[in-house]
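Engineer:
There are 2 protein chains.
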Amino acid sequence: MKFAFLPSPWKESADHLRAAGHEMVDLSENPELLIFRGGPSDFPAELPDSVKVVQIGYAGVEQLLEAGILARHAERGVRFANAAGIYDDTVAEATLALLLAVLHRHKAVSREWNQEQLFGETEYLFDAKKLAIIGAGGIGKKLIEFAAPFGVEITAVNRSGRHVSGAERTVAMGDVEAMEVVWSESDCVVLLAPLTPETRHLVDATVLAKMRNNAVIVNVGRGALIDTKALTTALQDGAIAGAGLDVTDPEPLPADHPLWEMDNVVITPHTANIPRFMARRVGALAARNWELFAAGESMSTEVDVEAGY
Amino acid sequence: MKFAFLPSPWKESADHLRAAGHEMVDLSENPELLIFRGGPSDFPAELPDSVKVVQIGYAGVEQLLEAGILARHAERGVRFANAAGIYDDTVAEATLALLLAVLHRHKAVSREWNQEQLFGETEYLFDAKKLAIIGAGGIGKKLIEFAAPFGVEITAVNRSGRHVSGAERTVAMGDVEAMEVVWSESDCVVLLAPLTPETRHLVDATVLAKMRNNAVIVNVGRGALIDTKALTTALQDGAIAGAGLDVTDPEPLPADHPLWEMDNVVITPHTANIPRFMARRVGALAARNWELFAAGESMSTEVDVEAGY
Numbered sequence: 188m189k190f191a192f193l194p195s196p197w198k199e200s201a202d203h204l205r206a207a208g209h210e211m212v213d214l215s216e217n218p219e220l221l222i223f224r225g226g227p228s229d230f231p232a233e234l235p236d237s238v239k240v241v242q243i244g245y246a247g248v249e250q251l252l253e254a255g256i257l258a259r260h261a262e263r264g265v266r267f268a269n270a271a272g273i274y275d276d277t278v279a280e281a282t283l284a285l286l287l288a289v290l291h292r293h294k295a296v297s298r299e300w301n302q303e304q305l306f307g308e309t310e311y312l313f314d315a316k317k318l319a320i321i322g323a324g325g326i327g328k329k330l331i332e333f334a335a336p337f338g339v340e341i342t343a344v345n346r347s348g349r350h351v352s353g354a355e356r357t358v359a360m361g362d363v364e365a366m367e368v369v370w371s372e373s374d375c376v377v378l379l380a381p382l383t384p385e386t387r388h389l390v391d392a393t394v395l396a397k398m399r400n401n402a403v404i405v406n407v408g409r410g411a412l413i414d415t416k417a418l419t420t421a422l423q424d425g426a427i428a429g430a431g432l433d434v435t436d437p438e439p440l441p442a443d444h445p446l447w448e449m450d451n452v453v454i455t456p457h458t459a460n461i462p463r464f465m466a467r468r469v470g471a472l473a474a475r476n477w478e479l480f481a482a483g484e485s486m487s488t489e490v491d492v493e494a495g496y
Numbered sequence: 188m189k190f191a192f193l194p195s196p197w198k199e200s201a202d203h204l205r206a207a208g209h210e211m212v213d214l215s216e217n218p219e220l221l222i223f224r225g226g227p228s229d230f231p232a233e234l235p236d237s238v239k240v241v242q243i244g245y246a247g248v249e250q251l252l253e254a255g256i257l258a259r260h261a262e263r264g265v266r267f268a269n270a271a272g273i274y275d276d277t278v279a280e281a282t283l284a285l286l287l288a289v290l291h292r293h294k295a296v297s298r299e300w301n302q303e304q305l306f307g308e309t310e311y312l313f314d315a316k317k318l319a320i321i322g323a324g325g326i327g328k329k330l331i332e333f334a335a336p337f338g339v340e341i342t343a344v345n346r347s348g349r350h351v352s353g354a355e356r357t358v359a360m361g362d363v364e365a366m367e368v369v370w371s372e373s374d375c376v377v378l379l380a381p382l383t384p385e386t387r388h389l390v391d392a393t394v395l396a397k398m399r400n401n402a403v404i405v406n407v408g409r410g411a412l413i414d415t416k417a418l419t420t421a422l423q424d425g426a427i428a429g430a431g432l433d434v435t436d437p438e439p440l441p442a443d444h445p446l447w448e449m450d451n452v453v454i455t456p457h458t459a460n461i462p463r464f465m466a467r468r469v470g471a472l473a474a475r476n477w478e479l480f481a482a483g484e485s486m487s488t489e490v491d492v493e494a495g496y
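Protein chains in written order, with my numbering: chain Z, 188 to 496; chain D, 188 to 496.
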């Protein structure tokens, strides 16, 4: 199989595919597979008819979708796969790190050795915490594994409500009554959902008002899952206890944004997943997906262009 | 049984003992048990002969030992128990939190959204890390549980070399050859050992020079397990990659100490264990130890005054 890799190849991925007998070529040399890891403006205006499959190098395809790129090519029979699942462990670990940093009040430590303050404010995950995982797919399952030894009570929230293994219960995101309980009873809320019209501002002023005063929220999904203004107000007012944010809205978060100042907000610059792990793994994923495509099957991470993820 | 609680009682502990039928009295009213949670200067100059057992409210008794308090009373038949084990989970969780915060470079995040820097510098615990736990007792075992889902290869180090369950291998601290391998091959080194003449400055310039450049060290044992000056130099020189410190030497760490400035050093002010968990649990421990003592048995956390822990 011939593949192109745009805007520029990840060496580790390309090496993996070449070792599996595939050939890297330019887009003009009739590749059958395109691996694409750029943004909408990097996407080629035209794809040669030879391209049957586009393997995206990341999981969240909403920008390509909004730019109309997926629909335009899908119409002509091109199939798309994203990279969901190949960084479950990186993101789940980054999530736990943020959650613990917020609970343990790392940012509140001062050079004045403010032990008494931390004695009062430190919370422990193991201490009978109720954890809700909103958007519990592959990353959520990995997070459930990481959190299991802490004995937390986990509520998984997904679209279908289909039971997620390891969770105490699974709630469908559309189940308004059950979601009331999730918002009002959770000590920790982790957002892992993709950004869709339904999930935009999922956590807004109304939801924040329902949450416990001791609740902490961790967002490693997409910034716009949260209404940033409402979150800032809730944190300022003590309506919730803290936040860990790997994604923000806007992103990057402006250097003068009040969230940077808060000692109960731990921020990382969208680094829960990092390219060197993606590079290491996308080659293997593309090879597997190509095999499935060639066998006439649905690819392991095939994008449902109509559903938008 | 009558017990006194000095310098002042923890309400939750006292309530627990009273609920079990015991009576809280002043030291002058001939208590049989003294629960003590202060420092050497708080310890009563004289104990009434009625006191058979002193239950210490924390684990590290080296200060009482150095002040000669344990020996003086042990000589007269008083037995001492410490509070080892009742905060395995708090300390193990705090250890994991520090370790992840260092690996994930939380302190290096800047308002300039330095994503590229973090892409390069973030490390993951799950990523084939070798973790050494120096002083692997109860806390170490809990840490092994917490770390298990990350698939790390764990080397436990203890005095006896007796196998620690869940560890890939256990090394005796006195095994010079095996310790060479521990220092030179571990990616993460966690110090949980008590402070004794043997463990003071266990991590000094010589040991730091053996460690990998990517190694991170987390100290939640006692500050003086590390030669602070040597650690500071090693971090400045890039001889090791980072440190998480819940304990320091001197402690508190002076506000102008260079360690505070380093973005690869995460410090908490000796708050891995916090009083409200100790208070919740020391009552039950004292009751259990009193029962064992009354039955003529060795107490569950009895201090070996000669050994010093």
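Cβ atoms here follow ideal geometry from the backbone N, Cα and C, with glycine treated the same way. Bear in mind the structure is a predicted one, so any value in this text is a computation, not a measurement.
Give me, in chain order, the residues of the same chain whose beta-carbon lies closer than 8 Å to that of Leu446/D; leave out the 5 immediate sequence neighbours on both sides.
Structural biologist: The residue you call residue 446/D lines up with position 259 of the second sequence. Same-chain partners within the cutoff: Thr415, Leu418, Thr419, Leu422, Ala430, Leu432, Thr435, Leu440, Val452 and Ile454.
Engineer: Compare the C-alpha of Asn269/Z against each of His457/Z, Met465/Z and Ala482/Z and name the closest.
Structural biologist: Reading the first sequence from its first residue, position 82 is the one you call residue 269/Z. Per the Cα distances, Met465/Z.
Engineer: According to DSSP, is Asn406/Z helix, strand or coil?
Structural biologist: Within the first sequence, residue 406/Z is the residue found at index 219, counting from 1. In the structure shown, Asn406/Z sits in a strand (DSSP, three-state: E or B).
Engineer: Can you find a CB in chain Z that lies within less than 7 Å of the CB of Thr309/D?
Structural biologist: By one-based count along the second sequence, residue 309/D stands at place 122. Closer than 7 Å to some Cβ of chain Z, the Cβ of Thr309/D qualifies, so yes.
Engineer: Return the residues of the region 404-426 of chain D that lie within a Cβ-Cβ distance of less than 9 Å from chain Z, sorted by chain order.
Structural biologist: Result list empty, no residue passes.
Engineer: Does the beta-carbon of Ser485/Z have 16 or more other beta-carbons within 10 angstroms, so that it is buried, or is it exposed?
Structural biologist: Locating residue 485/Z in the first sequence gives position 298, counting from the first residue. By the 10 Å Cβ count, Ser485/Z comes out exposed.
Engineer: Need the endpoints of the alpha helix (DSSP H) that Val248/Z sits in, please.
Structural biologist: Counting from one through the first sequence, the residue named residue 248/Z turns up at place 61. Neither: Val248/Z is in no alpha helix (DSSP H) and is coded neither H nor E.
Engineer: Does Val377/D have its Cβ less than 7 Å from a Cβ in chain Z?
Structural biologist: Residue mapping note: residue 377/D aligns to position 190 of the second sequence, counting from 1. So no, Val377/D is outside the interface.
Engineer: Compare the C-beta of Pro445/D against all C-beta atoms of chain Z and say whether one is closer than 7 Å.
Structural biologist: For this step, residue 445/D is matched to residue 258 along the second sequence. No, because no Cβ of chain Z sits closer than 7 Å to the Cβ of Pro445/D.
Engineer: Distance check for Phe480/D and Arg346/D, CA to CA, integer angstroms please.
Structural biologist: What you label residue 346/D is simply residue 159 of the second sequence in a count that begins at 1. What you label residue 480/D is simply residue 293 of the second sequence in a count that begins at 1. So the alpha carbons of these two residues sit roughly 26 Å apart.
Engineer: I believe Ala334/D touches Leu395/D by the beta-carbon criterion, under 8 Å. Please report the beta-carbon distance rounded to the nearest angstrom.
Structural biologist: In the second sequence, residue 334/D corresponds to position 147, counting from 1. In the second sequence, residue 395/D corresponds to position 208, counting from 1. That pair is no contact at about 23 Å.
Engineer: Output the boundary residues of the beta strand (DSSP E) element that contains Gly266/Z.
Structural biologist: Residue mapping note: residue 266/Z aligns to position 79 of the first sequence, counting from 1. The identity of residue 266/Z in the sequence shown is Arg, whereas the question assumes Gly. Here the beta strand (DSSP E) through Arg266/Z covers Arg266 to Ala268.
Engineer: Whole angstroms is fine: what's the gap from Trp477/Z's alpha carbon to Met211/Z's?
Structural biologist: Within the first sequence, numbered from 1, the residue matching residue 477/Z stands at position 290. Within the first sequence, numbered from 1, the residue matching residue 211/Z stands at position 24. Near 14 Å, if we compare the C-alpha coordinates of Met211/Z and Trp477/Z.
Engineer: Give the interface partners of Gln302/Z over in chain D, defined as CB-CB distance under 7 Å, in chain order.
Structural biologist: Against the first sequence, residue 302/Z aligns to sequence position 115. Those within 7 Å of Gln302/Z in chain D are Pro456, His457 and Thr458.
Engineer: Can you grab the Cα-Cα spacing for the pair Asp275/Z / Thr277/D, in whole Å?
Structural biologist: One-based indexing of the first sequence puts residue 275/Z at position 88. One-based indexing of the second sequence puts residue 277/D at position 90. Taking the straight line from one Cα to the other gives about 27 Å.
Engineer: Are there 16 or more other CB atoms within 10 angstroms of the CB of Asp374/Z, so buried, or fewer, so exposed?
Structural biologist: Indexing the first sequence from 1 puts residue 374/Z at position 187. By the neighbour-count rule (16 or more Cβ atoms within 10 Å), Asp374/Z is buried.
Engineer: Does Val296/D have its Cβ less than 7 Å from a Cβ in chain Z?
Structural biologist: Along the second sequence, read from residue 1 onward, the residue named residue 296/D stands at position 109. Judged by the 7 Å Cβ criterion, Val296/D is in contact with chain Z.
Engineer: Please classify Gly431/Z: does DSSP put it in a helix, a strand, or coil?
Structural biologist: Here residue 431/Z refers to the residue found at position 244 of the first sequence. In this structure, Gly431/Z counts as strand in the three-state DSSP scheme.
Engineer: Applying the criterion that 16 or more other CB atoms from any shown protein chain within 10 Å of the CB defines a buried residue, is Pro384/Z buried or exposed?
Structural biologist: Residue numbering aside, residue 384/Z sits at position 197 when the first sequence is read from its first letter. Classification of Pro384/Z: exposed, given that the 10 Å Cβ count is below 16.
Engineer: Below 8 Å CB to CB, which residues in the same chain sit around Met398/Z once its five sequence neighbours on both sides are set aside?
Structural biologist: Walking along the first sequence from the start, residue 398/Z turns up at place 211. Closer than 8 Å at Cβ, skipping near neighbours: Trp370, Ser371, Ser373, Val376, Ile404, Ala421, Ala426 and Ile427.
Engineer: Could you check where the beta strand (DSSP E) with Leu287/D kicks off and where it finishes?
Structural biologist: Position 100 of the second sequence, counting from 1, holds the residue named residue 287/D. Leu287/D -> not in any beta strand (DSSP E); alpha helix (DSSP H) instead, spanning Asp275 to Leu290.
Engineer: Going by other Cβ atoms of all chains shown within 10 Å of its Cβ, with 16 needed for buried, is Pro196/Z buried or exposed?
Structural biologist: Taking the first residue of the first sequence as position 1, residue 196/Z is located at position 9. Under this definition Pro196/Z is a buried residue.
Engineer: Can you find the residues in the same chain that come closer than 7 Å, C-beta to C-beta, to Pro227/D, ignoring five residues on each side of it along the sequence?
Structural biologist: Working through the second sequence from its first residue, we reach residue 227/D at position 40. The answer, listed in chain order, is Gln250, Leu251, Ala254 and Ile256.
Engineer: For a cutoff of 7 Å on Cβ pairs, would you count Pro437/D as touching chain Z?
Structural biologist: The count along the second sequence starts at 1 and reaches residue 437/D at position 250. So no, Pro437/D is outside the interface.
Engineer: What residues in the region 266-296 of chain D bring their beta carbon closer than 7 Å to a beta carbon of chain Z?
Structural biologist: The region 266-296 of chain D vs chain Z, Cβ under 7 Å: Asp276, Thr277, Glu280, Ala281, Leu283, Ala284, Leu287, Ala288, His291, His293 and Val296.
Engineer: Does the distance from the C-beta atom of Gln302/D to that of Thr458/Z stay below 7 Å?
Structural biologist: If you number the second sequence from 1, residue 302/D lands on position 115. If you number the first sequence from 1, residue 458/Z lands on position 271. Yes, the Cβ-Cβ distance between Gln302/D and Thr458/Z is below 7 Å.
Engineer: For Lys239/Z, I'd like the list of residues in its chain whose CB is within less than 6 Å of its CB, leaving aside the five on either flank, ordered along the chain.
Structural biologist: Position 52 of the first sequence, counted from the first residue, corresponds to residue 239/Z. Cβ within range, chain order: Glu219.
Engineer: Rounded to whole angstroms, what's the CA-CA distance from Met360/D to Leu389/D? Just pull it up for me.
Structural biologist: Taking the first residue of the second sequence as position 1, residue 360/D is located at position 173. Taking the first residue of the second sequence as position 1, residue 389/D is located at position 202. Each residue's alpha carbon lies about 10 Å from the other.
Engineer: Since Val453/D meets chain Z, which of its residues come closer than 7 Å, beta carbon to beta carbon?
Structural biologist: Position 266 of the second sequence holds residue 453/D. By Cβ distance, chain Z contributes His293.
Engineer: Under the assumption that Val344/D contacts Val358/D (Cβ atoms under 8 Å), give the Cβ distance between them as a whole number of angstroms.
Structural biologist: On the second sequence, position 157 is the one that residue 344/D refers to. On the second sequence, position 171 is the one that residue 358/D refers to. Right, their Cβ atoms sit about 5 Å apart.
Engineer: Does the beta-carbon distance from Gly470/Z to Ala380/Z come in below 7 Å?
Structural biologist: Here residue 470/Z refers to the residue found at position 283 when the first sequence is read from its first residue. Here residue 380/Z refers to the residue found at position 193 when the first sequence is read from its first residue. No, the pair does not count as a contact, with Cβ atoms beyond the cut-off.
Engineer: I'd like to know whether the C-beta of Ile222/D is nearer than 7 Å to at least one C-beta of chain Z.
Structural biologist: Taking the first residue of the second sequence as position 1, residue 222/D is located at position 35. Taking Cβ atoms only, chain Z never reaches closer than 7 Å to Ile222/D, which makes this a no.
Engineer: Express the C-alpha separation of Ala191/D and Glu262/D in angstroms, rounding to a whole number.
Structural biologist: On the second sequence, residue 262/D is found 75 positions in, with the first residue counted as 1. On the second sequence, residue 191/D is found 4 positions in, with the first residue counted as 1. Looking at the two C-alpha atoms, the distance is approximately 21 Å.
Engineer: Strictly under 7 Å for the Cβ-Cβ distance: is Leu472/Z near chain D by that measure?
Structural biologist: For the purposes of this step, residue 472/Z is identified with residue 285 of the first sequence, where counting begins at 1. No, no contact with chain D.
Engineer: Is Ala279/D closer than 7 Å to Ala246/D when the C-beta atoms are compared?
Structural biologist: Here residue 246/D refers to the residue found at position 59 when the second sequence is read from its first residue. Here residue 279/D refers to the residue found at position 92 when the second sequence is read from its first residue. Going by C-beta atoms, Ala246/D is not nearer than 7 Å to Ala279/D.
Engineer: Checking contacts by CB at 7 Å: is Ile320/D closer than that to chain Z?
Structural biologist: In the second sequence, counting from the first residue as 1, residue 320/D sits at position 133. Ile320/D does not count as touching chain Z.
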